[in-house]
Amino acid sequence: MTQLKTVGLYLSSKRGYLALQSILQRIDKRQVAFVVSARDANVQNDYFEEILATCESREILFFEKENTGRLPCDFILAVGWRSLIPEQPGTRISVIHDSVLPKYRGFNPVVTALIEGDVELGATAFFASENYDEGDVIEQAVVQIAYPIKIGAAIDILAEVVGNLASNVVQKMLNGTVQSVPQEHDKATFSLWRDEKDYLIDWSKNANWIKRFVDAVGFPFRGALTKWNGGRSARVLDTEVVEDVFVHDRSRNIGKVIFMRDKKPVVVCGSGLLMLTELIDEESGASLLPLKKFRIRFE
0 MTQLKTVGLY
10 LSSKRGYLAL
20 QSILQRIDKR
30 QVAFVVSARD
40 ANVQNDYFEE
50 ILATCESREI
60 LFFEKENTGR
70 LPCDFILAVG
80 WRSLIPEQPG
90 TRISVIHDSV
100 LPKYRGFNPV
110 VTALIEGDVE
120 LGATAFFASE
130 NYDEGDVIEQ
140 AVVQIAYPIK
150 IGAAIDILAE
160 VVGNLASNVV
170 QKMLNGTVQS
180 VPQEHDKATF
190 SLWRDEKDYL
200 IDWSKNANWI
210 KRFVDAVGFP
220 FRGALTKWNG
230 GRSARVLDTE
240 VVEDVFVHDR
250 SRNIGKVIFM
260 RDKKPVVVCG
270 SGLLMLTELI
280 DEESGASLLP
290 LKKFRIRFE
């Protein structure tokens with residue numbers, strides 16, 4: 000009797016969860032040697048529990064990231080995974096990255112794509128390499144999007160694409176039909192890791208850029224950050240671009256409230272005006288709208 004080839008899966012986020020669902024629809028569950036997942040305190044739903052529940056219901060061996068146990072497998076696939084994977088001699092590692100490589104190598108490629116205003120999102124399955132996101136490409140997929148779009152909706156759209164891509168790659172690996180091609184390294188661009196400072200709104204940008212930024216770092220992330228009223232922190236969760244007016248000495252007035260529309264502040268940007276339609280206090284989470292005073296500068 001021919002021994003079944005097996006795959007080890009490193010999964011996190013909604014993309015990893017949907018990849019698991021798609022893979023299990025197309026292969027024998029016995030071909031999943033194990034699943035590893037991890038909790039992520041930086042998002043409101045990391046899909047750890049959903050991945051765990053799926054493995055328990057299908058009787059698939061499950062490990063949390065901190066545990067060390069693993070089973071031998073023929074190859075490994077990582078989806079939504081942001082940590083190093085222990086090498087296993089003779090086991091090739093493939094990864095799915097949330098961009099059309101070589102564009103947006105690195106971290107948070109979907110956030111960067113939305114801030115930049117890209118009209119398509121994509122995903123790439125590739126073989127892991129010594130330098131991150133440089134490996135040979137197995138398969139890519141692209142989906143069109145339209146603005147305005149929030150990060151949650153973009154993740155949902157891309158998660159379906161990633162799920163299908165993951166199951167395609169697993170089938171090819173198990174069937175021995177996988178092929179790959181080198182990336183065009185001279186066309187590489189990079190999306191860097193983000194920390195709390197990267198949530199801070201740059202009011203010198205144009206209003207459309209800032210709106211895309213707010214939408215790109217909202218739920219399931221913490222939301223765009225701004226300072227006001229003597230250094231207090233607030234999160235801008237939703238905005239609306241409004242018709243611009245001529246502002247004298249604009250560069251000195253960036254961040255100031257110029258109008259109140261329906262009791263919501265309209266802020267002077269580097270170019271354009273932006274109305275803040277959802278604004279909460281960073282410490283308490285309480286809504287700050289309507290603002291109690293007019294003369295406010297956001298920084």
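Number 298 marks the last residue of the sequence shown (numbering that gives the first Met the number 0); no jumps.
Where is the CB? At the ideal position from N, CA and C, for every residue including glycine.
Contact check between the segment 67-87 and the segment 130-137: fewer than three CB pairs, one atom from each, fall below 8 Å, which does not count as touching. Sequence-distant Cβ neighbours of Arg14 in its own chain, meaning closer than 6 Å and more than five residues away, are Val78, Gly79, Ala158, Val161. By the Cβ test, the segment 106-114 is not in contact with the segment 25-44, since fewer than three Cβ pairs between them sit closer than 8 Å.
Per the coordinates, the alpha-carbon of Gly7 lies some 10 Å from the alpha-carbon of Thr90. With contact defined as three or more Cβ pairs closer than 8 Å, the segment 97-104 and the segment 173-193 are in contact. Taking a 10 Å sphere around the C-beta of Ser36, we find 16 or more other C-beta atoms and assign the residue as buried. By a beta-carbon distance limit of 8 Å, Leu164 does not contact Ala127. Their separation comes to about 16 Å. With distances taken between CA atoms, Gly284 lies nearest to Leu236 out of Leu236, Gly254, Val265, His247. Selection Trp208, Glu281, Ile295, Tyr198 evaluated against Gly116 yields Trp208 as nearest (Cα-Cα). For the pair Lys255 and Arg296, the CB atoms are nearer than the 7 Å cut-off. Contact between Arg221 and Tyr198 holds: CB atoms are separated by about 6 Å, below the 8 Å threshold. Bridge partners of Phe62 according to DSSP: Val35.
Following the DSSP letters along the chain, one finds Tyr103 in no beta strand (DSSP E), marked with neither H nor E. Judged by DSSP secondary structure, Tyr16 falls within the alpha helix (DSSP H) whose first and last residues are 12-25. In the DSSP assignment, Glu277 falls within the beta strand (DSSP E) that extends over 272-280. Annotated three-state conformation of Ala124 is strand, per DSSP. Within the same chain, and ignoring the five residues on either side of Gln182 in sequence, the residues whose Cβ sits closer than 8 Å to its Cβ are Leu100, Pro101, Phe125, Glu133, Gly134, Asp135, Val136. In this chain, the beta strand (DSSP E) harbouring Trp227 covers 223-227.
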